[in-house]
Amino acid sequence: MDKLRTIGYYPLPAFVIAQQKNLFKDHDLEVEFEIATFAPEHNRGMAEGRWDLSLTSPDTMIARATRDGHDFVLIFMAEKDLQVKLFGAKDIKSPGDLRGKLIAGDPGDSNYDLHRRKILRDYGVSETEYEVKIIGTSPFRLEALRKGDVAACMVAPPYDTQAMTEGFNLLARAADHIPNYPTAACWTRRAWARQNREKVLRFVRAFVTATDWVLDRKNREEALRLIQDSGKLNPEQAEAKLARVIPKAEIKPVDINRVAQLRIEMGLYDPPYDPIERFYDASLWAEATGMPPPAPFGPPRPI
Numbered sequence: 427m428d429k430l431r432t433i434g435y436y437p438l439p440a441f442v443i444a445q446q447k448n449l450f451k452d453h454d455l456e457v458e459f460e461i462a463t464f465a466p467e468h469n470r471g472m473a474e475g476r477w478d479l480s481l482t483s484p485d486t487m488i489a490r491a492t493r494d495g496h497d498f499v500l501i502f503m504a505e506k507d508l509q510v511k512l513f514g515a516k517d518i519k520s521p522g523d524l525r526g527k528l529i530a531g532d533p534g535d536s537n538y539d540l541h542r543r544k545i546l547r548d549y550g551v552s553e554t555e556y557e558v559k560i561i562g563t564s565p566f567r568l569e570a571l572r573k574g575d576v577a578a579c580m581v582a583p584p585y586d587t588q589a590m591t592e593g594f595n596l597l598a599r600a601a602d603h604i605p606n607y608p609t610a611a612c613w614t615r616r617a618w619a620r621q622n623r624e625k626v627l628r629f630v631r632a633f634v635t636a637t638d639w640v641l642d643r644k645n646r647e648e649a650l651r652l653i654q655d656s657g658k659l660n661p662e663q664a665e666a667k668l669a670r671v672i673p674k675a676e677i678k679p680v681d682i683n684r685v686a687q688l689r690i691e692m693g694l695y696d697p698p699y700d701p702i703e704r705f706y707d708a709s710l711w712a713e714a715t716g717m718p719p720p721a722p723f724g725p726p727r728p729i
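Take 427 as the starting number for the sequence shown in my numbering and just add one per residue.
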């Protein structure tokens, strides 16, 4: 049994199924999963080889590849469509009220911070008009909001429901500003993937089988129950998670392009721009599934 060390912000539905249905074990894999609680630590750990595979945002991977020079590579896509929301303190009634305020955030140049930049710019609020404190993931941001340490934060399910219940103000939904956005993928260090290709292929096969199972309508009731139990979600939240699963964990360069384009728009990806193919290795997914790889996309472009 070969071991794989993985990390993510939450257990993805297909990952939950692969664990619960012994799909990883069927491929002679013992897969450990750790919850990431602090983005900078996750990023350092991936660069240092503390974990083998990250099941997190493709934006994080592209940010660290283009800004820090790490040779990371995406090997499959997992989820789509943003669910994160911007919540304000009880005296913050609109995004414009955040001028001059302190906001909880990530490292500042990726993931939910990127989405916050886009939302606030759409409301005419630039990054020079507020400050950001790096705090951690959604539960830690929400706790900072509760304590009054920050005026607003980006919060993902299930913590968005908690924020609403506790009377914090919903200022914006990221999906309204950034539609059709890929939210989770599997990525790693390119050199590690090359050295461990056979092991990675087994992981991809197990994960893709799990997407088939979780999206099969005859498994729907059990799938929703397992998703609920794994993330302590309510039925509505589990339904939303299931709806975001990407069939076959298929790599779609057009969706990776959406990430690159948003980074360009936010001034966080400088030219010259590499072809989108720089960021993924479709040969692993194609060999694991027996399906053809996607056609080359070329450099980032508006869509």
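Backbone N, C-alpha and C fix where the C-beta goes; we use that ideal spot for every residue, glycine too.
Exposed unless 16 or more other CB atoms sit within 10 angstroms - verdict on residue i
i      : result
Ala440 : buried
Ser520 : exposed
Met717 : exposed
Arg490 : buried
Pro608 : buried
Ile560 : exposed
Asp454 : exposed
Lys516 : exposed
Option in the options with minimal Cα separation from residue i
i      : options                           : result
Gln663 : Ala598, Val680 and Pro583         : Pro583
Leu641 : Lys658, Glu665, Leu659 and Pro521 : Glu665
Leu571 : Leu596, Asp548 and Met472         : Leu596
Ile729 : Val680, Ala578, Val581 and Asp575 : Val680
Leu438 : Ala714, Ile677, Phe723 and Ile672 : Ile672
Pro701 : Gln687, Gly562 and Asn448         : Gln687
Pro725 : Phe450, Gln445 and Val685         : Val685
Ile529 : Leu508, Val551 and Gln509         : Val551
Ser536 : Ser483, Arg704 and Arg620         : Ser483
Ile677 : Pro661, Pro722, Leu508 and Glu647 : Pro722
Arg493 : Ala578, Leu694, Gln621 and Tyr699 : Leu694
Tyr549 : Asp485, Gly562, Asp523 and Gly574 : Asp523
Lys573 : Glu592, Glu555 and Tyr556         : Glu592
Leu508 : Pro661, Glu458, Ala610 and Glu624 : Ala610
Gln621 : Gly475, Lys516 and Val510         : Gly475
Lys511 : Gly495, Asp485 and Leu546         : Leu546
Met487 : Arg643, Arg616, Arg670 and Asn448 : Arg616
Per DSSP, cross-strand counterpart(s) of residue i
i      : result
Trp613 : Ser480 and Leu500
Glu648 : Looking at the DSSP assignment, Glu648 forms no beta bridge with any residue, so it has no partner.
Asn595 : Gly514
Leu627 : DSSP, once it has assigned bridges, lists no residue as partnering Leu627.
Thr432 : Phe459 and Leu479
Val581 : Lys511
Val558 : Ile529
Tyr706 : Leu500
Glu505 : Ala610 and Val671
Proximal residues to residue i (C-beta, below 7 Å), its chain only, five neighbours per side dropped
i      : result
Glu553 : Arg543
Val442 : Leu652, Ile653 and Ser656
Leu568 : Cys579, Val581, Tyr585, Gln588 and Ala589
Phe513 : Leu571, Ala578, Cys579, Val581, Ala589, Phe594, Asn595, Leu596 and Leu597
Gln446 : Leu652
Ala444 : Phe450, Ala632, Phe633 and Ala636
Thr715 : Val634 and Lys674
Val576 : Leu528, Ile529, Ala530, Lys559 and Ala570
Residues near residue i by beta carbon distance below 8 Å, same chain, minus five either side
i      : result
Ser709 : Pro719
Glu691 : Lys544
Ala675 : Ala440, Phe502, Met503, Ala504, Cys612, Val630, Phe633, Val634, Thr637 and Trp711
Thr614 : Met472, Asp478, Leu479, Ser480, Phe498, Val499, Ile501 and Val626
Val558 : Leu528, Ile529, Ala530, Gly531, Gly534 and Asp539
Asn683 : Ile702, Phe723, Pro726, Arg727 and Ile729
Ile659 : Reading off the sequence shown, one finds Leu at residue 659, where the question assumed Ile. Here the set comprises Pro583, Pro584, Ile653 and Lys667.
Glu647 : none
Cβ shell of residue i (< 6 Å), same chain only, five flanking positions each side left out
i      : result
Ala649 : Val640
Asn645 : Trp639
Glu460 : Ile433
Ser564 : Val581, Ala582 and Tyr585
Ala462 : Ile433, Tyr435 and His468
Asp532 : Ala465, Tyr538 and Asp539
Lys667 : Pro439 and Ile653
Met472 : Ser480
Tyr556 : Leu524, Lys527 and Ile529
Any chain B beta carbon closer than 8 Å to residue i
i      : result
Val680 : You won't find chain B in this structure, because it holds only one protein chain.
Assess contact between the segment 621-637 and the segment 429-441, defined as three or more Cβ pairs (one per stretch) separated by less than 8 Å. Is contact present?
yes
The segment 600-607 in contact with the segment 497-505 per 3-pair CB rule at 8 Å
no
Does the segment 501-514 come close enough to the segment 701-716 that 3 or more CB-CB pairs lie under 8 Å?
yes
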